[in-house]
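Count the sequence shown with full-length UniProt numbering and you get residues 1 to 323, in order. Positions of the beta carbon are idealized from the N, C-alpha and C atoms, including for glycine. A quick note: this is a predicted structure, and the numbers were derived from the prediction, not measured. What follows is one structure encoded as structure tokens, with my remarks underneath.
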Amino acid sequence: MFPQLHHIKGGSLKLCSKLQIYTFHNTDKKPKMASTPLRSKILSQTRSTSLPSRSHPLVPQFNEHMHKLKSCDSTPSSISSINKKLQNLEDLYNCVDDLLLLPHTQQVFAQECNGKWVEEILDGYLCLVDACATAKDFILHSKEYVLDLLSTLRRRRDSDYFCGFLTSRKMAKKMIQKSLRNLSSFKNKPSILALEKDQETIAIISMLKETESMTLDLIEALLLSICGMKGHSRQSGWSLVSRLMSSRKISGQDSKDAVQFGELDATLCKIVSLRTLKCEQIDELQQQLKDMDLGIQVVEESLECLFKRLIKTRVSLLNMHSQ
């Protein structure tokens, strides 16, 4: 579904030959329908501020975790802020796990096993597994890229040698952009409406879809960060990606690990344009790379936890669907 990276010594990349990029098709146009509170909760592209607390016992807890994620919108796109969101997302999935263990939830899935909304949720969480695996591959490559740069700085002072790293980055960015297009296509697919269901069933569907949407947004933000890009504002008025990627002045702990890949790319381009490297330039770049390496390791661990959680959630959904 998404491209996977294999790193080759010398700063080159290649696509995994066993996997092909799966392109989502969106040929159907979303029907024009009058907006209602219930419909806005079911549409996957609409982020409701909160779900009605009376419709399901887990809704207040779910809303609390969702609020924590949304309240982080204004924070800068440092490695620590992305990792904080990944940790908050873990709390959200703890709530989803509790939801899937409830007898009523299992009963709903058993009764609606042939329902289109059930198939949509299963497909959505399969997409999450693939997208998270892709993000893991890109993070791993980024880590190797940073470590190779550090090793090169210790051994060489010739700026011409860094041209290979810039070429490698360009190839990686093209592959990330292709993955981002796939994510965008999936997110823009029209969603199945289930307005005829009871309030508790609607709450179950809404929580699963909200979690899926939030996870996709965060993975998209991470890929944008690795690519050195900024997100675009959305007409919905709330965009985790665009605000996560906004460049603002920062202070405190975030200022220590706010070095982004876009800044690193600019630094490398400057180095390549120079014939010789000064000691202070090398020292500064080495410190940047060390800070990035530490941050990447933390995100790598958080992504691994998220990946395992997504597989667990997908298996739980499949088990309920097959009952």
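When you compare only the Cα positions, how much space is there between residue i and residue j?
i	j	result
Ile176	Tyr145	15 Å
Gln199	Met320	20 Å
residue 350	Thr211	One cannot answer for residue 350 here, as it falls past the ends of the chain, which runs 1 to 323.
Lys136	Lys308	12 Å
Glu120	Ala110	15 Å
Gly262	Val59	39 Å
Glu304	Arg181	23 Å
Cys163	Leu274	12 Å
Glu112	Val96	19 Å
Thr313	Ala172	30 Å
Gln323	Lys187	29 Å
Leu150	Ser71	36 Å
Gln87	Lys197	33 Å
Gln235	Thr134	Its pLDDT being 35, under 50, Gln235 is placed unreliably in this model, and the value from its coordinates should be taken loosely. Each residue's alpha carbon lies about 27 Å from the other.
Glu280	Gln287	11 Å
His67	Arg155	48 Å
Lys174	Ala221	16 Å
Can you check whether the CB of residue j is closer than 8 Å to the CB of residue i?
i	j	result
Leu310	Leu128	yes
Tyr125	Leu317	yes
Val315	Leu166	no
Ile296	Lys143	yes
Ser179	Leu122	no
His65	Leu101	no
Leu153	Leu285	yes
Phe138	Ile226	yes
What is the DSSP secondary structure of residue i, reduced to helix, strand or coil?
i	result
Asp265	helix
Leu126	helix
Trp238	At Trp238, the pLDDT of 31 sits below 50, so the modelled position is not reliable and the matter cannot be decided from this model.
residue 324	Outside the shown range of the chain (1 to 323) lies residue 324, about which nothing can therefore be said.
Glu144	helix
Glu212	helix
Gln260	coil
Glu119	helix
Asn114	coil
Leu100	helix
Leu222	helix
Met229	coil
Leu274	coil
What are the boundary residues of the alpha helix (DSSP H) that residue i is part of?
i	result
Ser316	Cys279 to Ser322
Ser191	No alpha helix (DSSP H) holds Ser191; DSSP gives it neither H nor E.
Asp198	Where Asp198 is concerned, there is no enclosing alpha helix (DSSP H), given that its DSSP letter is neither H nor E.
Phe62	Val59 to Lys70
Phe162	Here Phe162 belongs to no alpha helix (DSSP H), and DSSP marks it neither H nor E.
Among residues of its own chain, excluding the 5 on either side of residue i, which ones have a beta-carbon nearer than 7 Å to its beta-carbon?
i	result
Thr36	At Thr36, the pLDDT of 38 sits below 50, so the modelled position is not reliable; the number obtained from the coordinates is stated separately. So the list is empty, once near-sequence residues are dropped.
residue 389	The requested residue 389 does not occur in the structure, where the chain is confined to residues 1 to 323.
Asn83	Val298, Val299 and Ser302
Leu147	Asp293
Leu99	Leu58, Thr105, Ile204 and Met207
Leu268	Phe162, Phe165 and Leu166
Cutting at 6 Å between CB atoms, please list the residues of its own chain near residue i, excluding the five before and the five after it.
i	result
Ser44	Low confidence applies here, because Ser44 scores a pLDDT of 38, under 50, leaving its location unreliable and the question unanswered by this model.
Met229	none
Looking at chain C, is there any beta carbon in it that lies within less than 8 Å of the beta carbon of residue i?
i	result
Val59	Protein chain content of the structure displayed is limited to a single chain, and chain C is not contained in it.
Less than 8 Å between C-beta atoms, sequence neighbours within five positions excluded: which residues of the same chain meet that for residue i?
i	result
Leu89	Leu69, Met214, Thr215, Leu218 and Leu306
residue 360	The displayed coordinates of the chain run from 1 to 323. Any statement about residue 360 would go beyond what the structure contains.
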